[in-house]
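Visitor: Protein chains in written order, with our numbering: chain E, 1 to 389; chain A, 1 to 301. Each residue gets a CB set at the ideal place from its N, CA and C atoms; glycine is no exception. Structure incoming, see below.
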Amino acid sequence: MKGYRMYLVLISLALVLVSALGTGALGAGKLDPIRIGLQAPITDQWAYEGEMAKNCVQIVADEINGKGGILGGRKIEIVVGDDQGSVRQSALTAQRMISEKVVAVISTYGSSVAEPSATIYEREGLLNIAYGATAVELTERGWKYFFRTCFKDDHQGTFFARFVNGTLKVGNVAVLHDNTTFGKGLAEAARVSLENANKAKIVFYDAVTPGERDFTPILTRMQKTNPDVVYFTGYYPEAGLIARQMRSLGSKAIFVGGNAAINDEFVEIAGIDVAKGSLTTQEPLPIHLEFPESKGFLDEYISRHNAPPSSPWPVYAADALKVIAAAIDSTGSTDSKVLADYIRNEMKDLPGITGPIGFDSLGDRTGAMYLAYEVTPDGTLQPYQPYQP
Amino acid sequence: MVLFIEQLVNGLTVGAVYSLVALGYTMVYGVMRMINFAHGDFFMIGSYLGFTLISSAFLGRTIPLWVALTIMVLFSMGGVGAIGIIVERAAYRPLRKTSRLTAVVSAIGVSIFLQNAVMLIWGPRYRAYPSWSVPDVTWQVGGIYINLMQVLILSISIGLMVALYFFVQRTTVGAAIRATAIDHDTARLMGIDVDQIIRLIFLIGPALGAAAGVLLGLYYRQIHFTVGWTYGLKAFTAAIMGGIGNIPGAMAGGLLLGILEMLGAGYISSAWKDVFVFFILILLLIFRPTGLLGERIAEKV
Numbered sequence: 001m002k003g004y005r006m007y008l009v010l011i012s013l014a015l016v017l018v019s020a021l022g023t024g025a026l027g028a029g030k031l032d033p034i035r036i037g038l039q040a041p042i043t044d045q046w047a048y049e050g051e052m053a054k055n056c057v058q059i060v061a062d063e064i065n066g067k068g069g070i071l072g073g074r075k076i077e078i079v080v081g082d083d084q085g086s087v088r089q090s091a092l093t094a095q096r097m098i099s100e101k102v103v104a105v106i107s108t109y110g111s112s113v114a115e116p117s118a119t120i121y122e123r124e125g126l127l128n129i130a131y132g133a134t135a136v137e138l139t140e141r142g143w144k145y146f147f148r149t150c151f152k153d154d155h156q157g158t159f160f161a162r163f164v165n166g167t168l169k170v171g172n173v174a175v176l177h178d179n180t181t182f183g184k185g186l187a188e189a190a191r192v193s194l195e196n197a198n199k200a201k202i203v204f205y206d207a208v209t210p211g212e213r214d215f216t217p218i219l220t221r222m223q224k225t226n227p228d229v230v231y232f233t234g235y236y237p238e239a240g241l242i243a244r245q246m247r248s249l250g251s252k253a254i255f256v257g258g259n260a261a262i263n264d265e266f267v268e269i270a271g272i273d274v275a276k277g278s279l280t281t282q283e284p285l286p287i288h289l290e291f292p293e294s295k296g297f298l299d300e301y302i303s304r305h306n307a308p309p310s311s312p313w314p315v316y317a318a319d320a321l322k323v324i325a326a327a328i329d330s331t332g333s334t335d336s337k338v339l340a341d342y343i344r345n346e347m348k349d350l351p352g353i354t355g356p357i358g359f360d361s362l363g364d365r366t367g368a369m370y371l372a373y374e375v376t377p378d379g380t381l382q383p384y385q386p387y388q389p
Numbered sequence: 001m002v003l004f005i006e007q008l009v010n011g012l013t014v015g016a017v018y019s020l021v022a023l024g025y026t027m028v029y030g031v032m033r034m035i036n037f038a039h040g041d042f043f044m045i046g047s048y049l050g051f052t053l054i055s056s057a058f059l060g061r062t063i064p065l066w067v068a069l070t071i072m073v074l075f076s077m078g079g080v081g082a083i084g085i086i087v088e089r090a091a092y093r094p095l096r097k098t099s100r101l102t103a104v105v106s107a108i109g110v111s112i113f114l115q116n117a118v119m120l121i122w123g124p125r126y127r128a129y130p131s132w133s134v135p136d137v138t139w140q141v142g143g144i145y146i147n148l149m150q151v152l153i154l155s156i157s158i159g160l161m162v163a164l165y166f167f168v169q170r171t172t173v174g175a176a177i178r179a180t181a182i183d184h185d186t187a188r189l190m191g192i193d194v195d196q197i198i199r200l201i202f203l204i205g206p207a208l209g210a211a212a213g214v215l216l217g218l219y220y221r222q223i224h225f226t227v228g229w230t231y232g233l234k235a236f237t238a239a240i241m242g243g244i245g246n247i248p249g250a251m252a253g254g255l256l257l258g259i260l261e262m263l264g265a266g267y268i269s270s271a272w273k274d275v276f277v278f279f280i281l282i283l284l285l286i287f288r289p290t291g292l293l294g295e296r297i298a299e300k301v
């Protein structure tokens, strides 16, 4: 018994010593880190995107910390919350972020996923910046704490209509979406723009169910309408299957994906024989970014992970962190209200990796930029060059 | 009409895969009166094992297609069968004397364990079978397009199902399985090693699921560690439709489910297809609570 008590005393002493040493060694001037949340799909179907976002954010955080941090030497610490790309998990992750007492959150990939968490952040008054949520309606609710560093879908829909009428010059367009907030929003935006332009005709407009593997029934029906172009506004797992099954049904239509449909995985799933020649309307890929900040960031990313980020989204997460850090530094505050006011009203042309960053009164980023890409025979994406005789 | 038959062929192909998976549910239920919720994951692991084998240097493009296919199917059937036996020993046998609910919870635990294990081993990304696995050959028969993979799926799965049916109906071991399904204690009194039979069931069921997994991987080419849940649910539905515990019922249920799905998606709406399928299931269960071929089994007291 006595030995036991002695043991306890020793342990407590050791603990006291360790903590004393700890604070001593770190120095009295050492300040608490500033904790910033990253809500992203780290596991499950979009794990690929989540992982790249984490990598990107970490690079920016390391860069800022390497330069001495913000607010007079405070380091940035990233708190990662995994929303699994699911609507239900998104709300739970948001609750967790709030109990973790982060200063602001970078949140998240997927408009349907961002919706529940943004609602919670708004209620709790926590600054949140989405990096891959492009549905138009997200910024139409008068949310005060919601921003996004990505551009919204109606810009992309307009771009698609211009591209179909101006560059591809075809007659029949089929539009397929996947009933998600994002997919449906983009499809609607494309439909409205095409109808307003009144040139190419929409011959088929329908939805598929995400998570399915067999789309032959709906594609057989689509095939009957003889589309020249098929625009799929959903995500890559379905896009790869649709492109492939469309071909085996004998379709010769050009497959155009929205900005979540075409990436390495699309090429792998569809197979290069099918994937080559597919097009996509999207934000410029990281490797095609030509801003002063882009090059150094990409070099760092490649040296850490051996390849550049394969989709545009994770880089917007990096820019979201830059926005938050810049706002904290300029206002000298970590209060979400102060930060949100600053970002909305005063932030102009912040040099970001994806170009100068500024926001309009809704919280949308100003100055949209899209490109059409083509999948080349070696499976990479290159800016689309229309065939010129 | 041509369109209808094309949808029918598509439905049969998908349905054959459902049938193979459904057999696992129905056999385990028949012998143990327990729903093995981890069964969908056996199916998923099967497709991953096949993927590993075909993308390995060993199978590469060096040997003829049919040899490679046979090796692949047998290898993943064997591998998943072994996993099935381990799971039974580790997660179900210790609970056999407790309530059925305990075993179901244990099964869900196994399912989560297997999914996460696969995610950690093969990574969270979608994986794709190489495009040269099966050549893209399509035949036109009376205006209907049928491709090589559909023929392979139908023939392999129907072959396996026929073999299983004769095994259960015509052999001594099959008779022992049927006896165990009726009553464990009486079977034991007749000199049947019930533990051995249950082990056998956990070898055959997962092995059939694994074969379905490989076929699915070859057909759609895209596999993911969450696929077991979707297909498990569908196959479970098929087993219920056919009458759970009944082997020909699971086969019929799977094919019917596949056809209903394709017709629903082709003629109603892709997005409403599941609503259509489950509506038919509810109707079926109202008029035939035991499923298509299920017989009324006296509940044990």
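Identify the contact partners of Tyr-126(A) in chain E, using a Cβ-Cβ distance below 9 Å as the criterion.
Guide: Chain E residues near Tyr-126(A): Gln-45, Tyr-48, Tyr-236, Pro-237, Gly-240, Glu-265, Glu-268, Ile-269.
Visitor: Quick one: does Arg-74(E) have its CB under 8 Å from some CB of chain A?
Guide: False, the Cβ-Cβ gap to chain A never drops below 8 Å.
Visitor: Out of Phe-215(E), Thr-180(E), Val-229(E), which one is the CA nearest neighbour of Lys-169(E)?
Guide: Minimum Cα distance to Lys-169(E) is reached at Val-229(E).
Visitor: Have a look at the DSSP bridge pairing and note the partners of Ser-111(E).
Guide: DSSP lists no partner for Ser-111(E).
Visitor: Straight-line CA distance for Gly-243(A) to Pro-64(A)?
Guide: Roughly 40 Å between the two C-alpha positions.
Visitor: Indicate the three-state DSSP secondary structure (helix, strand or coil) for Gln-45(E) in the structure shown.
Guide: Gln-45(E): coil per DSSP, three-state reduction.
Visitor: For Leu-12(A), collect the residues of the same chain with a Cβ closer than 7 Å to its Cβ; drop the 5 residues on either side in sequence, then sort them by chain order.
Guide: So the list reads Leu-154, Leu-255, Gly-258, Ile-259, once near-sequence residues are dropped.
Visitor: Against chain A, with Cβ distances strictly below 8 Å, would Arg-392(E) count as a contact?
Guide: Any answer about residue 392(E) is impossible in this case: the structure gives chain E only from 1 up to 389.
Visitor: Tell me which residues of the stretch 105-122 of chain E have at least one Cβ-Cβ distance to chain A shorter than 8 Å, keeping chain order.
Guide: Going along the stretch 105-122 of chain E in chain order, one finds no residue with a Cβ nearer than 8 Å to chain A.
Visitor: Measure from the C-beta of Gly-27(E) to each C-beta in chain A and report whether the shortest distance is under 8 Å.
Guide: Residue placement at Gly-27(E) is flagged as unreliable, the pLDDT there being 43, under the threshold of 50; a coordinate-derived value is accordingly withheld.
Visitor: Hey, could you find the ends of the beta strand (DSSP E) Gly-437(E) is sitting in?
Guide: There is no way to answer for residue 437(E), as the model of chain E reaches only from 1 to 389.
Visitor: Could you have a look at Asn-55(E) and say whether DSSP puts it in helix, strand or coil?
Guide: Helix at Asn-55(E).
Visitor: For the stretch 128-137 of chain E and the stretch 158-168 of chain E, state whether three or more C-beta atom pairs, one from each stretch, are separated by less than 8 Å.
Guide: Too few Cβ pairs lie closer than 8 Å, so no.
Visitor: Please classify Phe-287(A) as buried or exposed, where buried requires at least 16 neighbouring CB atoms within 10 angstroms.
Guide: Under this definition Phe-287(A) is an exposed residue.
Visitor: Where does Gly-352(E) sit, in a helix, a strand or coil, going by DSSP?
Guide: Here Gly-352(E) sits in strand by DSSP.
Visitor: Beta carbons nearer than 7 Å to chain E: which residues of the stretch 83-99 of chain A have them?
Guide: Per Cβ criterion, the list is empty.
Visitor: What number of angstroms, rounded off, separates the C-alpha of Glu-346(E) from the C-alpha of Ala-326(E)?
Guide: Using only the alpha carbons, I get a separation of about 11 Å.
Visitor: Going straight from the alpha carbon of Ala-25(E) to that of Ser-303(E), what length do you get?
Guide: Confidence at Ala-25(E) is low in this model, with a pLDDT of 42, below 50, so its placement is unreliable and no value can be given for it.
Visitor: Does the stretch 306-316 of chain E come close enough to the stretch 169-180 of chain A to have 3 or more Cβ pairs within less than 8 Å?
Guide: Cβ pair count under 8 Å is below three, so no.
Visitor: Roughly how many angstroms separate the alpha carbons of Glu-188(E) and Thr-225(E), rounded to a whole number?
Guide: When rounded, the distance between both Cα atoms is 20 Å.
Visitor: Please say whether Val-105(E) and Gln-58(E) have beta carbons closer to each other than 8 Å?
Guide: Going by C-beta atoms, Gln-58(E) is not nearer than 8 Å to Val-105(E).
Visitor: Which one of Gly-37(E), Pro-41(E), Ala-53(E) has the shortest CA to CA distance from His-305(E)?
Guide: With distances taken between Cα atoms, His-305(E) lies closest to Ala-53(E).
Visitor: Taking a Cβ distance cut-off of 8 Å, strictly less, list which residues of the stretch 200-218 of chain E are near chain A, in chain order.
Guide: Going along the stretch 200-218 of chain E in chain order, one finds Asp-206, Ala-207, Val-208, Thr-209, Gly-211, Glu-212, Arg-213, Asp-214, Phe-215, Thr-216, Pro-217, Ile-218 with a Cβ nearer than 8 Å to chain A.
Visitor: Which bits of chain E does Gln-169(A) rub up against, with CB to CB less than 9 Å?
Guide: In chain order: nothing, as chain E lies at least about 32 Å away.
Visitor: Hey, would you say Pro-356(E) sits closer than 8 Å to Asp-364(E), going by beta carbons?
Guide: Contact flag unset, no.
Visitor: Does the Cβ-Cβ distance between Ser-107(E) and Asp-44(E) come in under 8 Å?
Guide: Result no, Cβ atoms of Ser-107(E) and Asp-44(E) do not sit closer than 8 Å.
Visitor: Going by CA-CA distance only, name the one from Ile-158(A), Ile-144(A), Ala-265(A), Phe-225(A) that's closest to Tyr-18(A).
Guide: Checking every option, the nearest Cα to that of Tyr-18(A) belongs to Ile-158(A).
Visitor: Consider the Cβ of Gly-40(A): report whether some Cβ of chain E lies at a distance smaller than 8 Å.
Guide: It does not: the Cβ of Gly-40(A) has no partner Cβ on chain E nearer than 8 Å.
Visitor: Is it right to say Ser-99(E) is buried, meaning 16 or more other beta carbons lie within 10 angstroms of its own, or is it exposed?
Guide: Burial call: exposed.
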